[in-house]
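Encoded as structure tokens, the structure appears first; notes follow it.
There are 2 protein chains.
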Amino acid sequence: MSILAVGTVAFDSIETPFESAERVLGGSASYLTLAARYFCDDVRLVGVVGGDFPEEYLRVLRDGGIDLQGLEIDADGETFAWSGRYHYDMNERDTLDTQLNVLQSFEPTIPAAYHDSRIVCLGNLDPKIQRDVLAQIDNPAYVICDTMNFWIENTYDSLCETLPLVDCLVVNDAEARELADEPNLVKAADRIRGMGPETLIIKKGEHGALLFSGDTIFSAPAYPLEDIQDPTGAGDTFAGGLAGHLVRANRFDDATLRRAIIYGSTMASFVVERFGPERLLNLTPARIAERAHAFRDLAAIPELSAFQPA
Amino acid sequence: MSILAVGTVAFDSIETPFESAERVLGGSASYLTLAARYFCDDVRLVGVVGGDFPEEYLRVLRDGGIDLQGLEIDADGETFAWSGRYHYDMNERDTLDTQLNVLQSFEPTIPAAYHDSRIVCLGNLDPKIQRDVLAQIDNPAYVICDTMNFWIENTYDSLCETLPLVDCLVVNDAEARELADEPNLVKAADRIRGMGPETLIIKKGEHGALLFSGDTIFSAPAYPLEDIQDPTGAGDTFAGGLAGHLVRANRFDDATLRRAIIYGSTMASFVVERFGPERLLNLTPARIAERAHAFRDLAAIPELSAFQPA
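Chains as they are written, first to last, in the numbering used here: chain A, 17 to 326; chain B, 17 to 326.
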């Protein structure tokens with residue numbers, strides 16, 4: 017069973033009120049695969065970096081067990097670079113700079129060995145590129161897709177062509193509202209699912225996540241953390257845990273999706289505890305299991321007796 | 017078993033994107049008691065209105081079974097009046113005007129028949145008045161308290177004298193952060209509980225609520241509604257369902273508090289479906305039970321198997 021992640025591998029320059037660092041290993045595909053590999057031993061990465069990408073970062077990914085056959089190295093180009101600054105309460109950030117560099121001309125070619133990928137995670141890329149990727153995969157069991165305001169605003173029609181090819185769209189609440197042009201999340205979810213994806217997951221950061229699947233809604237809490245060092249990559253790490261559990265379970269029913277969201281939330285709760293992807297480098301199955309179980313206590317509503325009116 | 021609610025009874029003038037109305041029955045004690053009376057047949061109200069308060073509104077409360085012996089009518093004064101406007105997404109509002117009127121000189125006298133009240137709900141009033149109220153109650157089993165930014169900013173020391181007398185403080189997330197002077201809610205909760213209240217409930221509006229009691233945290237979801245007509249009174253209605261379940265259960269342990277939050281959330285989810293307190297006037301035990309049970313489905317995390325590492 018395999019996961020294919022297509023997305024960015026980047027240099028992140030991050031400022032938080034507590035720490036700052038330049039050119040940290042980042043990008044959606046890095047976080048996603050570093051989380052997913054705890055669940056699945058066949059995690060494949062498709063992306064591009066420049067000649068400036070250090071061997072040390074390649075080693076981090078490779079030592080994590082990630083298959084880098086699909087990582088193109090454009091020796092003449094420079095790696096995609098993002099920089100951002102978090103506010104004091106960590107729930108908001110300003111993007112200071114984005115240098116697309118090698119990403120500007122990225123047209124992913126999927127290695128033949130990846131054509132049989134079971135779960136495909138389409139990172140936040142041009143919807144046209146997302147379709148081109150899917151056209152190269154034989155018969156994926158499940159397609160998970162991310163997008164963002166830039167694509168909603170600038171490539172709406174193209175995004176509408178991609179959505180019918182997607183099983184599960186994962187966006188944040190602002191993106192869901194913008195995509196549906198509707199402030200109410202329940203109505204927005206209806207509208208978005210009408211555009212193609214059978215399942216919709218809305219991430220709400222420190223407020224958890226909502227799952228719309230079949231005719232039910234699941235509200236997952238966020239893990240209450242005392243110490244958030246750096247929220248960078250939390251959304252992609254969430255997607256990694258999500259895809260990881262799904263490929264391991266090899267089922268996509270409501271109960272499995274609920275568990276997958278808990279594992280996604282678990283992985284996200286770990287990654288924000290340290291700067292950059294550091295926390296993803298030294299987790300253990302026991303720690304992951306322990307925190308996932310803590311979510312059940314956190315959300316547990318005791319049995320309600322029959323209602324006795326006054 | 018009895019609930020005593022001390023708070024405002026008001027005229028609310030409300031503008032939403034869909035509807036507006038002037039001088040609707042409002043105030044924290046109105047919403048709280050109209051919710052609590054579904055759980056308890058001895059709900060007592062202490063507050064003040066002016067000579068302009070219509071008999072019709074008194075009848076609404078009285079027909080709801082609420083004991084109005086403690087509602088002072090200041091024939092020469094005018095009723096407290098609030099007006100506000102909701103934004104399109106209903107999560108934000110602007111207060112347009114506040115006329116304290118009779119509230120300005122309000123010094124609640126608790127009728128002798130109320131001295132044995134079991135649960136006391138201290139509405140969002142001057143902390144000094146909150147203490148004066150408690151001094152008049154013989155031996156309450158449980159004290160629930162609300163406050164707001166105005167009292168935190170202007171009467172901080174007085175609030176610090178009230179908090180040790182409180183069993184359960186119920187505030188929203190912005191108030192919790194301001195009271196603790198700490199953006200992280202877990203740390204803020206620790207600090208606030210150090211100021212007195214054994215239990216803290218943080219309301220997060222459309223994102224649910226957090227309960228900090230004993231050494232556990234409970235994250236309750238909000239009920240996902242397609243149609244929110246008017247959020248006015250949701251927080252006080254929440255407190256009414258909360259107090260209602262607690263007095264009915266006559267226990268204050270973690271499991272009971274969790275259930276109480278679900279009943280509070282249930283009542284709040286109803287009240288926002290109609291303008292003003294209208295929805296609270298015609299509920300049935302069956303409808304309340306049905307929605308409370310729906311919360312369990314909404315939040316249910318299926319059993320997690322032992323973690324199988326990759």
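Cβ atoms here follow ideal geometry from the backbone N, Cα and C, with glycine treated the same way.
Notebook entry, point to check: Which bits of chain A does B:Val202 rub up against, with CB to CB less than 8 Å?
Noted result: Pro240, Leu241, Glu242
Item checked: Residue interval of the beta strand (DSSP E) (run including B:Asn107) -> Premise fails: B:Asn107 is in no beta strand (DSSP E) and is neither H nor E.
Notebook entry, point to check: When the Cα of B:Leu112 is compared with those of B:Ala37, B:Ser99, B:Pro124, B:Leu119, which residue comes out closest?
Noted result: B:Ser99
Checklist line | Proximal residues to B:Leu314 (C-beta, below 6 Å), its chain only, five neighbours per side dropped | finding: Pro237
Margin query: Could you compute how far the alpha carbon of A:Cys266 sits from the alpha carbon of B:Arg53?
Written below: According to the sequence shown, residue 266 of chain A is Asn rather than Cys. Their Cα atoms are separated by approximately 49 Å.
Next item on the list: List the residues of chain B whose Cβ lies closer than 7 Å to the Cβ of A:Pro293, in chain order.
Entry: Result: empty, since nearest Cβ-Cβ is about 17 Å, beyond 7 Å.
Notebook entry, point to check: Quick one, which of A:Ala21, A:His223, A:Ala225 has its alpha-carbon nearest A:Leu141's?
Noted result: A:Ala21
Check: Comparing the C-beta of B:His261 with each C-beta of chain A, is any distance below 7 Å?
Finding: no
Item checked: Same chain only: Cβ atoms within 6 Å of B:Val159, ignoring 5 sequence neighbours per side -> Val136, Val182, Asp183
Notebook entry, point to check: What's the gap between the Cα of A:Leu201 and the Cα of B:Asn107?
Noted result: 12 Å
Notebook entry, point to check: Which residues share a DSSP beta bridge with B:Val287?
Noted result: Per DSSP, none; premise fails for B:Val287.
Next item on the list: Could you tell me the distance, in whole angstroms, from the CA atom of B:Asp110 to the CA atom of B:Tyr172?
Entry: 24 Å
Next item on the list: Might you give, ordered along the chain, the residues of its own chain that have their beta carbon closer than 6 Å to the beta carbon of B:Pro1, omitting 5 neighbours on each side?
Entry: Because chain B in this structure spans residues 17 to 326, residue 1 of chain B falls outside the shown range and cannot be described.
Check: Buried or exposed: B:His261, going by 16 or more other Cβ atoms within 10 Å of its Cβ?
Finding: buried
Note to self: So, for A:Ile126: in the same chain, excluding its five sequence neighbours on each side, which residues have a beta-carbon less than 7 Å away from its beta-carbon?
What the structure shows: Val62, Gly86, Val149, Gln152, Ile153
Next item on the list: Could you name the residues of chain A that B:Thr232 contacts, counting a contact when the two beta carbons are closer than 9 Å?
Entry: Asp313, Leu314
Notebook entry, point to check: When we look at the beta-carbon of A:Pro70 and count the other beta-carbons within 10 Å, is it buried (16 or more) or exposed?
Noted result: exposed
Notebook entry, point to check: Which whole-angstrom value describes the C-beta separation of B:Phe254 and B:Ala284, a residue pair presumed to lie in contact below a C-beta threshold of 8 Å?
Noted result: 4 Å
Next item on the list: Specify, as a first and last residue, the run of the alpha helix (DSSP H) that A:Asp206 falls within.
Entry: 201-210
Margin query: Going by beta-carbon coordinates alone, are B:Val59 and B:Thr49 separated by less than 7 Å?
Written below: yes
Next item on the list: Consider the Cβ of B:His131: report whether some Cβ of chain A lies at a distance smaller than 7 Å.
Entry: no
Checklist line | When A:Ser36, A:Asn165, A:Glu289, A:Glu72 are compared against A:Leu241, the one with the closest alpha-carbon | finding: A:Glu289
Checklist line | Option in B:Thr178, B:Phe166, B:Gly210 with minimal Cα separation from B:Glu194 | finding: B:Phe166
Item checked: Cβ pair A:Phe291, A:Asp246 closer than 7 Å -> yes
Check: Going by DSSP, what residues sit across from B:Tyr158 in a beta bridge?
Finding: B:Ile135
Next item on the list: Please report the residue range of the alpha helix (DSSP H) in which B:Ala196 lies.
Entry: 189-196
Notebook entry, point to check: Quick one: what does DSSP say B:Ile304 is sitting in, helix, strand or coil?
Noted result: helix
Next item on the list: Could you list which residues in chain E have their beta carbon closer than 8 Å to that of A:Ala271, in chain order?
Entry: As a matter of chain content, chain E is missing from the structure shown, whose protein chains are A and B.
Next item on the list: Leaving aside the five residues before and after B:Phe27 along the sequence, list all residues of the same chain whose C-beta is less than 6 Å from its C-beta, in chain order.
Entry: Arg39, Thr95, Ala97
Next item on the list: For the alpha helix (DSSP H) holding A:Lys144, just list the boundary residues, first then last.
Entry: 143-151
Margin query: Between B:Ile277 and B:Ala316, how many whole angstroms is the CB-CB distance? I'm expecting something under 8 Å.
Written below: Not really, about 16 Å apart at Cβ, beyond 8 Å.
Next item on the list: Take B:Asp57 and list the residues in its own chain whose beta-carbon comes closer than 7 Å to its own, dropping the five residues that flank it on each side.
Entry: Gly81
Next item on the list: Using a threshold of 7 Å, state whether the C-beta atoms of B:Gly212 and B:Leu258 are closer than that.
Entry: no
Check: A:Gln115 to B:Asp231, Cα distance in whole Å?
Finding: 46 Å
Margin query: I'd like the span of the alpha helix (DSSP H) that includes B:Ser36, first residue to last.
Written below: Not the alpha helix (DSSP H): B:Ser36 falls in the beta strand (DSSP E), residues 36-42.
Margin query: At the 7 Å Cβ level, is B:Ala196 part of the contact set with chain A, yes or no?
Written below: no
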